[in-house]
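Novice: Mind looking over this structure? Questions follow.
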Amino acid sequence: MSRKTRKRRSQKLGLAPGTLVHVGERRTARPEITLLEYDAGGLKESRLAAATAGGLARGAGTLWLNVHGLHETALMADIGRRFGLHPLVLEDILNTDQRPKVDDYGDYLFIVVRFFALDAAAGSIGSDQVSMVLGADFVLTFQERPTGTLEPLRERLRGDKGQIRKLGADYLAYAILDLLVDSYFSVLEQLTERTEALEDSLLQQATPALLREIHEIKREATAMRRAVWPLREVINSLTRTEQRFFRQETQPYLRDIYDHAVHVIESLDSIRDLIAGMLDIYLSSVSNRVNLEVRILTVIATLFMPAALIAGIFGMNFHNMPLIGDNEGFLVALGMMGAIALVMVTIFWRRRWLH
Amino acid sequence: MSRKTRKRRSQKLGLAPGTLVHVGERRTARPEITLLEYDAGGLKESRLAAATAGGLARGAGTLWLNVHGLHETALMADIGRRFGLHPLVLEDILNTDQRPKVDDYGDYLFIVVRFFALDAAAGSIGSDQVSMVLGADFVLTFQERPTGTLEPLRERLRGDKGQIRKLGADYLAYAILDLLVDSYFSVLEQLTERTEALEDSLLQQATPALLREIHEIKREATAMRRAVWPLREVINSLTRTEQRFFRQETQPYLRDIYDHAVHVIESLDSIRDLIAGMLDIYLSSVSNRVNLEVRILTVIATLFMPAALIAGIFGMNFHNMPLIGDNEGFLVALGMMGAIALVMVTIFWRRRWLH
Amino acid sequence: MSRKTRKRRSQKLGLAPGTLVHVGERRTARPEITLLEYDAGGLKESRLAAATAGGLARGAGTLWLNVHGLHETALMADIGRRFGLHPLVLEDILNTDQRPKVDDYGDYLFIVVRFFALDAAAGSIGSDQVSMVLGADFVLTFQERPTGTLEPLRERLRGDKGQIRKLGADYLAYAILDLLVDSYFSVLEQLTERTEALEDSLLQQATPALLREIHEIKREATAMRRAVWPLREVINSLTRTEQRFFRQETQPYLRDIYDHAVHVIESLDSIRDLIAGMLDIYLSSVSNRVNLEVRILTVIATLFMPAALIAGIFGMNFHNMPLIGDNEGFLVALGMMGAIALVMVTIFWRRRWLH
Amino acid sequence: MSRKTRKRRSQKLGLAPGTLVHVGERRTARPEITLLEYDAGGLKESRLAAATAGGLARGAGTLWLNVHGLHETALMADIGRRFGLHPLVLEDILNTDQRPKVDDYGDYLFIVVRFFALDAAAGSIGSDQVSMVLGADFVLTFQERPTGTLEPLRERLRGDKGQIRKLGADYLAYAILDLLVDSYFSVLEQLTERTEALEDSLLQQATPALLREIHEIKREATAMRRAVWPLREVINSLTRTEQRFFRQETQPYLRDIYDHAVHVIESLDSIRDLIAGMLDIYLSSVSNRVNLEVRILTVIATLFMPAALIAGIFGMNFHNMPLIGDNEGFLVALGMMGAIALVMVTIFWRRRWLH
Amino acid sequence: MSRKTRKRRSQKLGLAPGTLVHVGERRTARPEITLLEYDAGGLKESRLAAATAGGLARGAGTLWLNVHGLHETALMADIGRRFGLHPLVLEDILNTDQRPKVDDYGDYLFIVVRFFALDAAAGSIGSDQVSMVLGADFVLTFQERPTGTLEPLRERLRGDKGQIRKLGADYLAYAILDLLVDSYFSVLEQLTERTEALEDSLLQQATPALLREIHEIKREATAMRRAVWPLREVINSLTRTEQRFFRQETQPYLRDIYDHAVHVIESLDSIRDLIAGMLDIYLSSVSNRVNLEVRILTVIATLFMPAALIAGIFGMNFHNMPLIGDNEGFLVALGMMGAIALVMVTIFWRRRWLH
């Protein structure tokens, strides 16, 4: 994905900033817009057709507009006009390989976060950009495809009468961030399980396939860390400075997500430490095993040498050789071979060269 | 433990923040609540039944409430209501894999620390979260299981008439932190002893088991460092900013714990340096040993070659060969073999290839 | 290039600072000067002969003077006088191996950036210094050779009636920086493609040529990172402090380039991580392959040993040897050889020593 | 030493902070107390019996009390009462494995430094804690054993009429610090000499003993760096903030020690760099040497093969074989063996496989 | 040099700070003092005899006193008295292994820099300390030996009428720093050339001598980096804070040297990266080459085995063996040997084991 994205990005070269081009993959047939408007009194939910997005009327409560599918730039421009978004905000929403960040545009905050999930089909970790705009009484969220990530929150809004509905747009923004950060933990679990399974395999047999798997996990942990590290800064800056958007009561909740983000980073660091240790064990056990095999083979070769020499000696054609005429000569020779081999085996065994 | 914990945490996904779920292991049959209330005049100690926790009346002195066992969420909610704790504080107390941290909630400080102890059964290092709430005149502490960690402090409170009892809740909080940090030293000792024993074993024989032990110690030292590093920051921030909770007289004591925490971190760094050096020695001595063995075997093989060639030469079937008909021919041939072998042994000995 | 540049630089030793010497390569026949003067109303474009550069008259709009070819120091001195540039600014423009930086000279900002491009002929990445002077109503840009980098911007100025022309010199400076940073992405793509192609080759056969290619990519990624890292600082300092030159409306655009620069740095770090992992895989697979080959050869040698010994035994010249006189003796001997070889192959096969 | 110290420290677990327990070794028979009282006018020196330490009367000049031997806790408590020291200061003086630090107790500064010296007997580097209390007109110093470290300073105080005696307690504290930091240089010299001797040995023969010596030096350099690094911070903080204790005139002197401490740190870093380089050379030359030896042995084995084959061929029992009946057959066969061996030696010689 | 210096430094142990001892080498017969006094009007140059140094009278212009040779401590004390230098300044001038630094003594700045030059005789890089004192209207410079480093500046002062002479002492100090930093570039060039030559040699043949050369260059680059890194800080602090000594007009020039220092540091980092890559290539190609050689030898050995076995088989003494009595038996056996060898060579060739 990232390769394709970067390619398209370079095609933007020379366009005016703010020109809307969707840099990313078209992952859904047509955009879906979900609109929730609520206050302590009630909640109104509607699915808008793309065409009517610009004409939505506002009530008094908190509004949450969620968009899946970003490839219809006309619709995006429409939404941008409706909520007074800066052209660069729209551009960043459409470029779906942004780093997590927060930008203060005076009337609203623009927040970019990444969502991580197991891609069950590919058996690897995929990630999606979630862009969020937080205004005084509205929250806009944008994703490339419908992942169902935010569905639990919608459930809570529908069911949880009065509680979350009373707390306004900043609490909703917090709840979205909390959901995303919490979702990291299930990815962490999968990474940890794969790491532990890998460790078990490693102790049995160090194969080159394991080496590649080690590097694969390391790469995924690094990619995830790259997304969580700036997220930590984002949340930290929300805690410290953006008091206009997050009220005093919401601050402890932000600090809580901050702790979670730090926790995720440290868990990823643990995984990377484990991986580094496994790499050492891998390399050491591969070279150890081959060394032992070569040693055993060399020992075997060495065992045959005296016997071969004795055979050679009694194969010489001298007319006058001891034992040659004796009836037991052949057995004596074989006995010498056996005795020497026995002595050598004993010595090698004691030196632990045959294990 | 950490794997299991993370698993449960991901089951919380989508729940409202502040929903009380015990993320951790149930390690004790039922919660135990110990209550100490004291001032310079006297001390009153009681063990509460879980049910009556909410109804405790307050005297004038300092109150210390200690809870072992966190799985009865109703009890926890009870305590939370009684002392006016924020829902996130309760949530963090129940999530027992928090990083050490301090949060200022205005009326009270919430401090999370880890306690390390040797798990004699497993032969490894275990750790427990100790959560602490410090208010103007009370201290609450929470642990998953009764470890007896804080018993020495209770002893001092019972016995030491007037001295510690006069100094209030902040000094009590300091004393708890001091006890926890001091307990790190015995874990450090065990790690150091294992490291030194490992070093002795390493000098005798470098076995793959030692490699795993090396990585084991490294992992434990790293895990401990991860817990002590944020603790250092916690104590540092208590020293600098939280003057509301820690009076001027208690400040030097906090600085003292700070020094201890730094000391622990540096000792862990020393252990990690030692471990890194041992890894080098291990890898070098393994490859060195196998190299020497292969060299000895190769030397032996080389020693047999000239003798085998001589035997081969006198085993040729030419009708006309020197020495063949001589009576001493056989002995001359053996003599040649022996002489050449002797010369080679001398050369190899001088080049130190037979050691 | 860098070697030659440094050489010339050392020839400046002992000259007065501000003495104009072109430290770099002469890459174009004669300097080319392009002059654009525009405001919302219109745009005037002219190519100046070198000699007349000093005498240009000024209208009311924004002026953009672009110079290709820096080796005529008289011309440069001329331009310097015309726009009141400090001698050190001219010296830095002529020294084309500067680090990216921004210097505030009161009346104007002096900005140095590097432009990266694929050198199609050499198959490697080349870079050019772009020096920029930003005054209240003018922008000067200086390059060693005509690369066409800034042509898209001229196109937009010519075509895009009124929009970009209204926004003044600071927006023009932003647009130039944006173009340069955006151009990094195509270089990044090429680096990524080469890295991925390398990875594919590596999985098939680890050759010493790949090792050199790995180090080549690493070196280019490092060189590029060295140029982007200070650029990030440059843009950051523009965002924060130089409010005199960049108006409030241009600030979000600068922040946007800043994000891009950080993105480039992180992509380069990813490439370097990939490279580090590939180096591990390379070294491991080389030693692995040779180890396997040596093992197979050793196994083959070992297989022949018992057969050779049997041949030696029946080649001994004892008068009285079993089987010697039998008609099937020869076949029995061959059968023993075959049987032993079969047993050994079975054992080695089971131990996976023949793969 | 450090192991034993940490053990005793863990025995303190659960004691009240400020309880005086000597954590360290008892290294001298009984404490020795040296008292110097001086001003520009004169100097009075006395050795106190332990018992009378508490009763010392004060004159008008500067007082320097030095204590060797810390195991009599009653004496220490006595001194603490006399000079109004905080219990934690006494505790830190008795715990002789403190990190270098400075604590401001309002009326006095408490400074902990380490003194390094060659332990001639053990051939390694030993270190001692020197604790110092600096008040308005007195300096107290505490050491575990009489090392004579501070004797040169006493000599200067006795001899140098008026100069140092005029400059007060802060200059005395500076002079003590200066003496300690200067003493690091002789330890540095010894480390450097050992490193250089090691390098010479390494170029001649890489033995496993050298590897252990390399790690030994690395460990000592690291231990020393750990003591000097916080010392640098201590002196830096004295320079910047503690203006109450160090007068303006003494500041340049402190800055001077600061430079020395930085110099020591950098020298230690140089030594560690050297050591890292030597480790590379060691590992490379060990594997190189064994490789060369194995190659020579393999070459020798290869040289014998064609000769052995020829012997085998003419040892076959075919009734009809060429040369067999010839008189010179034997010599021809030997000639063939010799010729082939000669060709092979020539080839191997040219390929440089016999060096 | 550095070893000798440190030795002497330890002999200072216990002397009063400010005691003048020349710690360094005596590199010139007797001190040479050059005095330049100039203003816009004219320039007066004189060489002072050591004895008269103290008695120099002052005119109105800028004074530059340069001293080569620091071993006559009486002379140095003389100069110190004449210009009111602090004893520690004199001590630092005489200790010629100082780190680059700047100290503000109120009336003057004391600056220590290192000068690097190729030692043509030794073929390595030597360095000298240049100490500089900058007062309101004078500059003092001190070096151990006459290197001619500052001669170009004297030339400019003599020739360049009015320009540099007008600009005062701070500009002179800048010009000296500029000259020193510029001189680093020629050392950089030599290092780069040696690195590139080394790389060429490495691609042809990896010899142990190259390994030592690699470490030699790494060490020199590291030593130089250690001197330039603090110099960067020195110049940075001059730019920021010491406005008393450097006037506003001189600031851009200082910023220019700062850029050069950063450039030098980055070039040194590039060299170190190159060196690290070469170390990888070295180790890999050494082990690769030996591996290939051993493989070829093993292949040769394997080729002989079937032939030897066939010879052995037909050398057995069975009365009844096939082919033995045939006329072409011998040729058939040789044919079998040849055929098997041919098949094996083909297989090994295809597996690329013979390259």
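Protein chains in written order, with the working numbering: chain A, 7 to 361; chain B, 7 to 361; chain C, 7 to 361; chain D, 7 to 361; chain E, 7 to 361. By construction, the Cβ of each residue, glycine as well, lies at the ideal position given by its N, Cα and C atoms. All figures in this text were calculated on a predicted structure; none of them were measured in a lab.
Based on the DSSP secondary-structure assignment, which residues constitute the bridge partners of residue 68 (chain B)?
Specialist: Residue 68 (chain B) sits at position 62 when you count from the first residue of the second sequence. Answer by DSSP bridge pairing, in chain order: B:44.
Novice: Whose Cβ in chain D lies nearer than 8 Å to the Cβ of residue 305 (chain B)?
Specialist: Translated into positions along the second sequence, residue 305 (chain B) becomes position 299. Within 8 Å Cβ-Cβ: 303.
Novice: Which parts of the region 73 to 158 of chain B are runs of the alpha helix (DSSP H), unbroken and 4 residues or longer, counting only runs that do not cross its ends?
Specialist: Taking only runs of at least 4 residues, the alpha helix (DSSP H) segments lying wholly in the region 73 to 158 of chain B are 79 to 89 and 93 to 100.
Novice: With a cut-off of 8 Å, does the C-beta of residue 109 (chain C) fall near any C-beta of chain E?
Specialist: For the purposes of this step, residue 109 (chain C) is taken as the residue at position 103 of the third sequence. Residue 109 (chain C) counts as touching chain E.
Novice: Which residues bound the alpha helix (DSSP H) around residue 51 (chain C)?
Specialist: Residue 51 (chain C) sits at position 45 when you count from the first residue of the third sequence. Element bounds for residue 51 (chain C): not the alpha helix (DSSP H) but the beta strand (DSSP E), 49 to 54.
Novice: Considering just the uninterrupted stretch of the alpha helix (DSSP H) at residue 253 (chain C), what are its terminal residues?
Specialist: Counting from 1 along the third sequence, the entry for residue 253 (chain C) is found at position 247. Premise fails: residue 253 (chain C) is in no alpha helix (DSSP H) and is neither H nor E.
Novice: Counting C-beta neighbours from all protein chains within 10 Å, is the total for residue 265 (chain E) 16 or more, i.e. buried, or is it exposed?
Specialist: Numbered from its first residue, the fifth sequence carries residue 265 (chain E) at position 259. Burial call: buried.
Novice: Would you say the beta carbon of residue 196 (chain A) is closer than 7 Å to some non-hydrogen atom of the ligand GDP?
Specialist: Absent from the structure shown: the ligand GDP. Ligands present: none.
Novice: Where does residue 344 (chain D) sit, in a helix, a strand or coil, going by DSSP?
Specialist: Position 338 of the fourth sequence, counted from the start, is the residue given in the question as residue 344 (chain D). Residue 344 (chain D): helix per DSSP, three-state reduction.
Novice: Among E:221, E:182, E:211 and E:81, which has the Cα closest to the Cα of residue 200 (chain E)?
Specialist: Position 194 of the fifth sequence, counted from the first residue, corresponds to residue 200 (chain E). Among E:221, E:182, E:211 and E:81, the Cα nearest to that of residue 200 (chain E) is on E:221.
Novice: So, with DSSP's three-state summary, where would you put residue 334 (chain D)?
Specialist: The residue given as residue 334 (chain D) occupies position 328 in the fourth sequence. It is coil, neither helix nor strand.
Novice: For residue 239 (chain B), which option in B:87, B:299 and B:119 has the closest C-alpha, if you only look at C-alpha atoms?
Specialist: The residue given as residue 239 (chain B) occupies position 233 in the second sequence. When only C-alpha atoms are compared, the closest one is B:119.
Novice: Does DSSP put residue 29 (chain B) in a helix, in a strand, or in coil?
Specialist: For this step, residue 29 (chain B) is matched to residue 23 along the second sequence. Strand, per DSSP.
Novice: The alpha helix (DSSP H) that contains residue 327 (chain B), what's its start and end?
Specialist: On the second sequence, position 321 is the one that residue 327 (chain B) refers to. Counting along the chain, residue 327 (chain B) falls outside any alpha helix (DSSP H), and DSSP gives it neither H nor E.
Novice: Do the region 161 to 171 of chain D and the region 278 to 294 of chain D touch if we need at least three Cβ pairs shorter than 8 Å?
Specialist: No, they do not touch.
Novice: Got a sec, what are the start and stop residues for the alpha helix (DSSP H) residue 265 (chain B) sits in?
Specialist: If you number the second sequence from 1, residue 265 (chain B) lands on position 259. Residue 265 (chain B) -> alpha helix (DSSP H) spans 257 to 320.
Novice: Taking residue 174 (chain B) as part of the alpha helix (DSSP H), name the residues at either end of that continuous run.
Specialist: As a first step, residue 174 (chain B) must be located in the second sequence, where it is residue number 168. Segment 174 to 210, the alpha helix (DSSP H) holding residue 174 (chain B).
Novice: When you compare the region 252 to 260 of chain B with the region 209 to 219 of chain D, are there three or more beta-carbon pairs, one atom per stretch, that lie closer than 8 Å?
Specialist: Contact between the region 252 to 260 of chain B and the region 209 to 219 of chain D is absent, because fewer than three Cβ pairs lie under 8 Å.
Novice: Between D:325, D:341, D:329 and D:339, which has its C-alpha nearest residue 334 (chain E)'s C-alpha?
Specialist: In the fifth sequence, the residue the question calls residue 334 (chain E) occupies position 328. Comparing Cα positions, the closest option is D:325.
Novice: Taking 7 Å as the limit between beta carbons, can you name the residues of its chain near residue 292 (chain B), skipping five residues before and five after?
Specialist: Counted from its first residue, the second sequence places residue 292 (chain B) at position 286. Taken in chain order, the residues that qualify are 212.
Novice: Give me whichever residues DSSP pairs with residue 39 (chain A) in a beta bridge.
Specialist: Locating residue 39 (chain A) in the first sequence gives position 33, where the first residue counts as 1. Paired residue(s): A:54 and A:73.
Novice: Return the chain-ordered list of same chain residues with a C-beta closer than 7 Å to the C-beta of residue 217 (chain A), the five sequence neighbours on each side being excluded.
Specialist: In the first sequence, counting from the first residue as 1, residue 217 (chain A) sits at position 211. Closer than 7 Å at the Cβ level, and outside the excluded window around residue 217 (chain A), lie 288.
Novice: Let me confirm a value: residue 352 (chain C) is counted as buried when at least 16 other C-beta atoms fall within 10 Å, else exposed. Which label applies?
Specialist: Here residue 352 (chain C) refers to the residue found at position 346 when the third sequence is read from its first residue. Exposed, because fewer than 16 other Cβ atoms sit within 10 Å of the Cβ of residue 352 (chain C).
Novice: For chain E, find out if any of its Cβ atoms is closer than 8 Å to the Cβ of residue 101 (chain D); answer yes or no.
Specialist: Start at 1 with the first residue of the fourth sequence, and residue 101 (chain D) comes out as number 95. Residue 101 (chain D) does not count as touching chain E.
Novice: With DSSP run on the structure shown, which of helix, strand or coil describes residue 228 (chain A)?
Specialist: Stepping through the first sequence from its first residue, residue 228 (chain A) is reached at position 222. If DSSP states are grouped into helix, strand and coil, residue 228 (chain A) belongs with the helices.
Novice: Just to confirm, are residue 71 (chain A) and residue 82 (chain A) a CB contact at a threshold of 8 Å?
Specialist: Taking the first sequence and counting its residues from 1, one reaches residue 71 (chain A) at position 65. Taking the first sequence and counting its residues from 1, one reaches residue 82 (chain A) at position 76. In this structure, residue 82 (chain A) does not lie closer than 8 Å to residue 71 (chain A) by Cβ.
Novice: Closest to residue 112 (chain E) by CA distance: which of D:340, D:331 and D:258 is it?
Specialist: Position 106 of the fifth sequence, counted from the start, is the residue given in the question as residue 112 (chain E). Answer by Cα proximity: D:258.
Novice: List the residues of chain A that residue 259 (chain C) touches, going by C-beta distances under 8 Å, in chain order.
Specialist: One-based indexing of the third sequence puts residue 259 (chain C) at position 253. Neighbours of residue 259 (chain C) on chain A, chain order: 23 and 94.
Novice: Tell me which residues share the same chain as residue 141 (chain B) and place their Cβ nearer than 6 Å to its Cβ, disregarding the 5 neighbours each side in the sequence.
Specialist: Taking the first residue of the second sequence as 1, we reach residue 141 (chain B) at position 135. Around residue 141 (chain B): 114.
Novice: Let me see if you follow: with CB-CB separation under 8 Å, is residue 230 (chain A) close to chain H or not?
Specialist: Here the protein chains are A, B, C, D and E, and chain H is not one of them.
Novice: Interface residues of chain E around residue 269 (chain D) at Cβ under 7 Å?
Specialist: Along the fourth sequence, read from residue 1 onward, the residue named residue 269 (chain D) stands at position 263. Those within 7 Å of residue 269 (chain D) in chain E are 105.
Novice: Mind listing the chain E neighbours of residue 312 (chain C)? Cutoff is C-beta to C-beta under 8 Å, in chain order.
Specialist: Translated into positions along the third sequence, residue 312 (chain C) becomes position 306. Those within 8 Å of residue 312 (chain C) in chain E number zero; the least Cβ separation is about 10 Å.
Novice: Would you say residue 86 (chain E) and residue 38 (chain E) are within 8 Å of each other, going by their C-beta atoms?
Specialist: As a first step, residue 86 (chain E) must be located in the fifth sequence, where it is residue number 80. As a first step, residue 38 (chain E) must be located in the fifth sequence, where it is residue number 32. Their beta carbons are not under 8 Å apart, which means residue 86 (chain E) does not touch residue 38 (chain E) by this criterion.
Novice: Please report how far the alpha carbon of residue 343 (chain D) lies from the alpha carbon of residue 310 (chain D), in whole angstroms.
Specialist: What you label residue 343 (chain D) is simply residue 337 of the fourth sequence in a count that begins at 1. What you label residue 310 (chain D) is simply residue 304 of the fourth sequence in a count that begins at 1. Rounded to whole angstroms, residue 343 (chain D) to residue 310 (chain D) spans 9 Å at the Cα level.
Novice: Is residue 216 (chain B) helix, strand or coil when you go by DSSP?
Specialist: Here residue 216 (chain B) is taken as the residue at index 210 of the second sequence, counted from 1. In the structure shown, residue 216 (chain B) sits in a helix (DSSP, three-state: H, G or I).
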